[in-house]
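> This is the structure I have questions about; it appears just below.
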Amino acid sequence: MDPLIIEESIKTPTISFDAGSGVLEIKGKSIPENSLEFYKPVFDWLDKYTSSPAQSTEFRVQLEYFNTSSSKCLLDLFRKLEATATSGKSKVKVSWFYEADDEDMMEAGDDYQALVKIPFELIKVEG
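Quick note on the working numbering: the sequence shown kicks off at 51 and runs consecutively.
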């Protein structure tokens, strides 16, 4: 399965999903005009991946900021990965990175952790 690579723009994050390694990464800002349209290829790729995932999957989220519609898309991504983990197809974990002085992003990670049944690691990044 080919990796999914979407380059970062002013309003959208870098997406780097690699089926071979099981590492899925979102990094940057997520404030697209239309989140559903932006994340559609991400969901399409994830649908294929979850049918035959790597033995372990790490979803790395390192966002500086995201808007409300992006937050819903993120929750949907977490739920899709939760279903994959629950089915026993892949051992899934989320690595949620946040800057040391960004309490909002830390709390967002905490909130998502409470909503889905997959392991979250909240990782503080300095500066």
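Here a beta-carbon is modelled for each residue, glycine too, at the ideal position from N, C-alpha and C.
1. For residue 91, count the other beta carbons within 10 Å of its own beta carbon; 16 or more makes it buried, fewer makes it exposed. Which is it?
2. Would you mind working out which of 111, 123, 63 and 58 sits nearest residue 86, comparing C-alpha positions?
3. So the alpha helix (DSSP H) residue 141 belongs to, where does it begin and stop?
4. Using the Cα positions of residue 110 and residue 118, report the straight-line distance between them to the nearest angstrom.
5. Mind checking if residue 78 is an interface residue toward chain C, Cβ cutoff 9 Å exclusive?
6. If you draw a straight line from the alpha carbon of residue 78 to that of residue 113, how long is it in whole angstroms?
7. Quick check: what's the CA-CA separation for residue 160 versus residue 52?
8. Which residues mark the beginning and the end of the alpha helix (DSSP H) in which residue 120 is found?
9. Please classify residue 60 as buried or exposed, where buried requires at least 16 other C-beta atoms within 10 Å of its C-beta.
10. By how many angstroms is the C-alpha of residue 108 removed from the C-alpha of residue 146?
11. So, at 6 Å on beta carbons, what are the nonlocal neighbours of residue 175 in its own chain, with the 5 sequence-adjacent residues on each side left out?
On the basis of the coordinates in this document:
1. exposed
2. 123
3. Counting along the chain, residue 141 falls outside any alpha helix (DSSP H), though it belongs to the beta strand (DSSP E) covering 141 to 149.
4. Near 19 Å, if we compare the C-alpha coordinates of residue 118 and residue 110.
5. In the structure shown, chain C does not exist; there is a single protein chain.
6. 5 Å
7. Each residue's CA atom was taken as its position, placing residue 160 and residue 52 some 32 Å apart.
8. 118 to 136
9. exposed
10. 10 Å
11. 147 and 149
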